[in-house]
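Participant: Quick note on full-length UniProt numbering: the sequence shown kicks off at 1 and runs consecutively. Ideal placement from N, C-alpha and C gives every residue a C-beta, glycine not left out. These numbers come from a predicted model, not from an experiment.
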Amino acid sequence: MLPTRALLRSGTRPAPRLQMRWGPPRPFTQPQRHGAIVRAASKVWESTVTGEEKSGHIATSESESILFFDSKIPDHPFPRQGCSCVLPRTSRPGFGPYPLLIYPPGIEYHIDALYCLHFPRQPLPLPYSHSRSCPQHPTTLVLLIQYLFPLKLTYLLRRSWQSDRDLTDLLKRFDSSGGGLGTDPINLVKRAIPSDLPIKVTEILPRLKDGGAFVKFSHGSDVVPRDIETSLARSLEKHPLRPWFNPFRGVQAGLVKGVPWLEDLYRFPKSRVKVEFTGKDAGGEAVELSQETLYSLFRRYGKIAEITSQPSDSKILPKYAYIDFARVRDAIMARNCLHGFLVDEGLGGGKIGTRLRLSYEQKVKPHNIWNWLTSHPRVVIPVVAALLAAITVAIFDPIREFFVKAHIQHSFRLTNNKFYRWIKSQTSDIFSSFGHKKADKAGFSAVWQHRRDLIEQIQTWLLESSDTFIVVQGPRGSGKKELVLDQSLKGRKNVLVIDCKPVIEARGESGTIKHLAAAVGYKPIFAFLNSMSSMIDLAVQSTTGVKAGFSETLESQVVKILHTTAEALKEVSLAGRDKDGKDGDLSDDAYLEARPDKRAVVVIDNFLHKNEGSALVYDKVAEWAAAMVQNNVAHVIFLTDDTSYSKSLSKAMPDRVFRQAALGDLSLDVAKKFIISRLEEDEIEKVREQSKDAEEKKDKTEQHQKPDLSELDSAIGILGGRLTDLEYLARRLKGGQSPQRAIEDIINQSATEIVKMYLLGGRDTVEGKKWSTEQAWYLIKALASHDALRYNEVLLSDTFASSTTPGAANGESALEGLTNAELVTVETYNGRPQTIRPGKPMYQAAFSLLLDDRVLRAKMDLALLKELTKVEAKVIEKAEGELALLGSLPKQPAQTGSRVSYLLEKLEGSQVKITKYEKEIAALKTVLKHNY
């Protein structure tokens, strides 16, 4: 048996008894519109409930039968959009189907089981017949009983149930196994209807989606339907029947006045009901009901929150209105009881009447919270940014602090692993012949011996509890980093090295943040998101007029990284504290102050490297270092080439005197020992690499490659004691060059670099420079013949005092820029600049070599003289302007005579200089014309 359901609307007369005869189907004509009720001439068929088979065919008149099937057969698709096909029952299942009638969905009553139903694969093209809505039988009515099923269950059971009977049977079994919890809808209906009510229940149709059931009942002709509804409502109010899923609200019942549409679409109940006003018949006119009429019709089913009429300018047909109920249950009751209800003229439905067609409508929620958020971006966006920042700090800051600690303690470094150190100690003899690092370090023994006092001084400062910086200053290549890290901090744990050079030379803010984070071990870092956040912030600012705060400035990100590093440094410094020992009673600050040897050491290398345009990073690093020192968190050592470092550091610690260690060039004796030691190490390496059976070849090789050291003293005198230059000379000597040839090559290479960096390409290649090519040539020309220049004498020269080059008018800034560019070195005395020397000792020889080039000298002198001519021309122009002003007076006062004489003498002196410069310029042009 294929389970199915049907609704039957009765005619004017009930059938007298059960009949099992079907009349032959008659041909039908096409209906006028969709939804017409189909009329068929047939005999009445009634059945009763026998065993498990439940049927509820309702008696109608002999001239009219209407069936509606609301289930679907899985194997045979139900023709949903056209009509429902019902086939007659034969004597037994399996025999041929003959169509009985066709009818589109929308009837009330229920027939539960028919035998031998068959639905073809394609809808049958059967004819239609149009008819009006048939009235209910005078003694047959339908009730809607609510709160029988959990309404929210419809959202959970979205699978394609074959019918509502499946769930009904399931609830029966659950009720019987659970000891009678009252979940069976049949029992609930029986309990809801009192026994003394003069009605007879003939049919029950559960509606899971609506949370209730339709109950068809019959009554006597002397009973008023309104009294039945009133009596049932009073009974349920006096003896409430509360289901298990809602113990606070009892079962309700309402009389169905219209023609409910029973469908199994995915249209779930909503609190908003759309009421469409249609004509009584197909194509008939309808009247749009007023809000007062709608209120009087629908208020009895529950609290109405709002009634919204169709806009007056809307052309949508049919006309409609929205009714918003306070509860979904009330909307369900109203929709099922009044769907298809005909409003007559007395109620405002017009002369012909207006039929109501009801459907659920998804209510557009006001979204008050969202609307407030979107309408107040000036408040919301900063709050959201703050919340995101707080979440980021809570999640990522502990992770970043962990990685910074591991970076300081070298936890992930292989050389600190115990197993690795044991393997290295066991195999040191095997790999000793392959190690060059030990030999390289041995070559610096003479240098470190020469600087032993300075090394010990730094070690002593690290053992003292002082709240100031340690500054190691020296020219580039003087060995500052090796002296501090390899000698002063040798064997010391918890050392953090921050190299400012890659941080300053990085491209853009993202690159700066990335390199700074890598220097301290700060990760994870999302530097690429900064540019994206900047674009979002710009878009929000352009639309709302307020900054969103999603993007962070370079300053804030640098401060965040340094703050996390400070927290990690403090934990590292406190890691060796024994709380159970003698230091257990001390606070953290007291312990750090009492044990300076336990503090971590921060080495900031290349401080003030390319200081132009990088003041922000250097200032923040200096402020952070000052906080580390003053709070006794760590010792801070600055390594810098800049002699004016005190200006930057004094901003962070204006009331402290720094501990300074100056590194200069090596003396000639130490420099010679260094080169000889490097050459001896090379000879020892060669002896190790040669085998014993190639002794003769070895002797020839040594005789051929052994350098001549007879010219070494003169070469070192020219080269100077700069450690990197000495290392370069030693490598050339190892290659077989003589000291004289090596020093010539080094000087020629240095001269080429000077021309490229400071003379010919300096104006275009150096961005934002504060010096001019003429100023650089002035120093080169002066230092070629002098070991040192007076600082103030250079500042008073016309080239530095009155430069016409944009950006180079300030002489002190120009000298500072040339010092940072390493063309010259400024030596100080008692904190003030005193003398100017070449940037490297060998630069003096390179300067002299450049002066020997007649063409280059003529070209640069010509540029210098042209600038001096411009300077004197400005003096003359200024004097002439003042003389013209004095001459414009109506009467020459006697007091202006001395001023006029001064101006005339100044004008004459400048003109004499210009005449001299022009003669020299003419001679230089002649040199350039006749020389290559």
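Start and end of the beta strand (DSSP E) containing D605?
Facilitator: What you label residue 605 is simply residue 605 of the sequence shown in a count that begins at 1. D605 -> beta strand (DSSP E) spans A600 to F607.
Participant: Which residue comes first and which comes last in the beta strand (DSSP E) that contains V279?
Facilitator: Your numbering for residue 279 matches position 279 in the sequence shown. The sequence shown places Gly at residue 279, not Val. Note, G279: beta strand (DSSP E), R272 to G279.
Participant: Entirely within the segment 788-861 and at least 4 residues each: give me those alpha helix (DSSP H) ranges in chain order.
Facilitator: List check, alpha helix (DSSP H) in window: 791-796, 798-801, 811-820 and 843-851.
Participant: Note the first and the last residue of the continuous alpha helix (DSSP H) segment covering A386.
Facilitator: Within the sequence shown, the letter at position 386 stands for residue 386. Where A386 is concerned, the enclosing alpha helix (DSSP H) stretches over P377 to Q409.
Participant: Would you list the residues sitting across from V670 in a DSSP beta bridge?
Facilitator: Position 670 of the sequence shown, counted from the start, is the residue given in the question as residue 670. According to DSSP, which records beta bridges pairwise, V670 is partnered with nothing at all.
Participant: In whole angstroms, what is the alpha-carbon distance linking A406 and F412?
Facilitator: By one-based count along the sequence shown, residue 406 stands at place 406. By one-based count along the sequence shown, residue 412 stands at place 412. About 7 Å.
Participant: With a 10 Å radius around its C-beta and 16 neighbouring C-beta atoms as the bar for buried, classify T896 as buried or exposed.
Facilitator: Looking up residue 896 in the sequence shown gives position 896. T896 should be labelled exposed.
Participant: Per DSSP, what kind of secondary structure is Q310 in: helix, strand or coil?
Facilitator: Numbered from its first residue, the sequence shown carries residue 310 at position 310. DSSP places Q310 in coil when its eight states are reduced to three.
Participant: Buried or exposed, going by whether 16 or more other CB atoms sit within 10 Å of the CB of Y295?
Facilitator: The sequence position of residue 295 within the sequence shown is 295, counting from 1. So Y295 counts as exposed.
Participant: Would you report the Cα separation of D264 and L205, rounded to the nearest angstrom?
Facilitator: Along the sequence shown, read from residue 1 onward, the residue named residue 264 stands at position 264. Along the sequence shown, read from residue 1 onward, the residue named residue 205 stands at position 205. The straight-line gap from Cα to Cα measures roughly 13 Å.
Participant: Measure the Cβ-Cβ separation of E288 and L255 and say whether it is below 8 Å.
Facilitator: As a working mapping, residue 288 is identified with position 288 in the sequence shown. As a working mapping, residue 255 is identified with position 255 in the sequence shown. Cβ distance not < 8 Å, so E288 and L255 don't count as in contact.
Participant: Give me the Cα-Cα distance between K363 and I193, rounded to the nearest whole angstrom.
Facilitator: Taking the first residue of the sequence shown as position 1, residue 363 is located at position 363. Taking the first residue of the sequence shown as position 1, residue 193 is located at position 193. When rounded, the distance between both Cα atoms is 35 Å.
Participant: Among residues of its own chain, excluding the 5 on either side of A519, which ones have a beta-carbon nearer than 7 Å to its beta-carbon?
Facilitator: The sequence position of residue 519 within the sequence shown is 519, counting from 1. Around A519: I498, D499 and V503.
Participant: Pick out whichever of G811, S644 and A385 has its Cα sitting closest to the Cα of N792.
Facilitator: Start at 1 with the first residue of the sequence shown, and residue 792 comes out as number 792. Looking at the Cα atoms, G811 is the closest of the given residues.
Participant: Just checking my contact of L723 with S478 at CB under 8 Å: how many whole Å lie between their CB atoms?
Facilitator: Along the sequence shown, read from residue 1 onward, the residue named residue 723 stands at position 723. Along the sequence shown, read from residue 1 onward, the residue named residue 478 stands at position 478. So it is a contact: roughly 6 Å between Cβ atoms.
Participant: DSSP three-state label for E920, please.
Facilitator: On the sequence shown, position 920 is the one that residue 920 refers to. DSSP places E920 in helix when its eight states are reduced to three.
Participant: Would you call the CB atoms of S221 and K200 closer than 8 Å?
Facilitator: Walking along the sequence shown from the start, residue 221 turns up at place 221. Walking along the sequence shown from the start, residue 200 turns up at place 200. It is not a contact, given that the beta carbons lie outside the stated cut-off.
Participant: Give me the DSSP bridge partner(s) of I204.
Facilitator: Here residue 204 refers to the residue found at position 204 when the sequence shown is read from its first residue. V215, per the DSSP bridge assignment.
Participant: With contact counted as at least three CB pairs below 8 Å, one residue from each stretch, are the segment 237-244 and the segment 326-342 in contact?
Facilitator: No, because fewer than three Cβ pairs between the segment 237-244 and the segment 326-342 fall closer than 8 Å, the two stretches do not touch.
Participant: Using DSSP bridges, identify the partner residues of R357.
Facilitator: Counting from 1 along the sequence shown, the entry for residue 357 is found at position 357. E276.
Participant: Under a Cβ-count criterion, where at least 16 other Cβ atoms within 10 Å of its own Cβ denotes burial, should Y320 be classed as buried or exposed?
Facilitator: Walking along the sequence shown from the start, residue 320 turns up at place 320. It is buried - the Cβ of Y320 has at least 16 other Cβ atoms within 10 Å.
Participant: What is the rounded straight-line gap between the Cα of D578 and the Cα of G831?
Facilitator: Stepping through the sequence shown from its first residue, residue 578 is reached at position 578. Stepping through the sequence shown from its first residue, residue 831 is reached at position 831. Cα to Cα, the separation comes out at about 44 Å.
Participant: Does the beta-carbon of Q32 have 16 or more other beta-carbons within 10 angstroms, so that it is buried, or is it exposed?
Facilitator: Here residue 32 refers to the residue found at position 32 of the sequence shown. Note that Q32 scores 37 on pLDDT, short of 50, meaning its location in the model is unreliable; the coordinates nonetheless yield the value given after this. When all chains shown are included, Q32 counts as exposed.
Participant: For F277, count neighbouring C-beta atoms within 10 Å of its own C-beta (all shown protein chains included) and say buried if the count is 16 or more, exposed if not.
Facilitator: Position 277 of the sequence shown holds residue 277. Classification for F277: buried.
Participant: Taking the CB atoms as reference points, tell me whether L849 and A751 lie closer together than 8 Å.
Facilitator: Here residue 849 refers to the residue found at position 849 when the sequence shown is read from its first residue. Here residue 751 refers to the residue found at position 751 when the sequence shown is read from its first residue. Contact: yes.
Participant: Within 10 angstroms of the Cβ of K480, are there 16 or more other Cβ atoms? Answer buried if so, exposed if not.
Facilitator: The sequence position of residue 480 within the sequence shown is 480, counting from 1. Buried, since its Cβ has 16 or more Cβ neighbours within 10 Å.
Participant: Can you give me the Cβ contacts of V927 inside the same chain, cut-off strictly under 8 Å, excluding the 5 residues immediately before and after it?
Facilitator: Numbered from its first residue, the sequence shown carries residue 927 at position 927. Here the set comprises R854, V855 and A858.
Participant: Does the contact criterion of 3 or more C-beta pairs under 8 Å hold for the segment 635-645 versus the segment 599-617?
Facilitator: Segments in contact, yes.
Participant: With DSSP as the reference, label R327 as helix, strand or coil.
Facilitator: Numbered from its first residue, the sequence shown carries residue 327 at position 327. In the structure shown, R327 sits in coil (DSSP, three-state: anything other than H, G, I, E or B).
Participant: To which residues of the same chain is R267 closer than 7 Å at the C-beta, ignoring the five residues directly before and after it?
Facilitator: Within the sequence shown, the letter at position 267 stands for residue 267. Y360, listed in sequence order.
Participant: Go through the segment 226-262 residue by residue and report every complete run of the beta strand (DSSP E) that reaches 3 residues or more, in order.
Facilitator: Taking only runs of at least 3 residues, the beta strand (DSSP E) segments lying wholly in the segment 226-262 are 252-255.
Participant: With H, G and I counted as helix, E and B as strand and the rest as coil, what does DSSP make of H563?
Facilitator: Along the sequence shown, one-based indexing puts residue 563 at 563. Reduced to three states, the DSSP call for H563 is helix.
Participant: Between which two residues does the beta strand (DSSP E) carrying Q473 extend?
Facilitator: Mapped onto the sequence shown, residue 473 falls at position 473. Unbroken beta strand (DSSP E) run through Q473: I470 to Q473.
Participant: Under 8 Å between the Cβ atoms of K280 and G340?
Facilitator: Stepping through the sequence shown from its first residue, residue 280 is reached at position 280. Stepping through the sequence shown from its first residue, residue 340 is reached at position 340. No, Cβ-Cβ distance for K280 and G340 is not below 8 Å.
Participant: Please state whether DSSP places V595 in a helix, a strand or coil.
Facilitator: Here the question's residue 595 lines up with position 595 in the sequence shown. Before going on, a small fix: residue 595 reads as Arg here, not Val. Residue state, collapsed to three classes: coil.
Participant: Let me know if A394 comes out buried or exposed under the rule of 16 or more other beta-carbons within 10 Å of its beta-carbon.
Facilitator: Here the question's residue 394 lines up with position 394 in the sequence shown. Counting Cβ neighbours within 10 Å, A394 comes out exposed, since fewer than 16 surround it.
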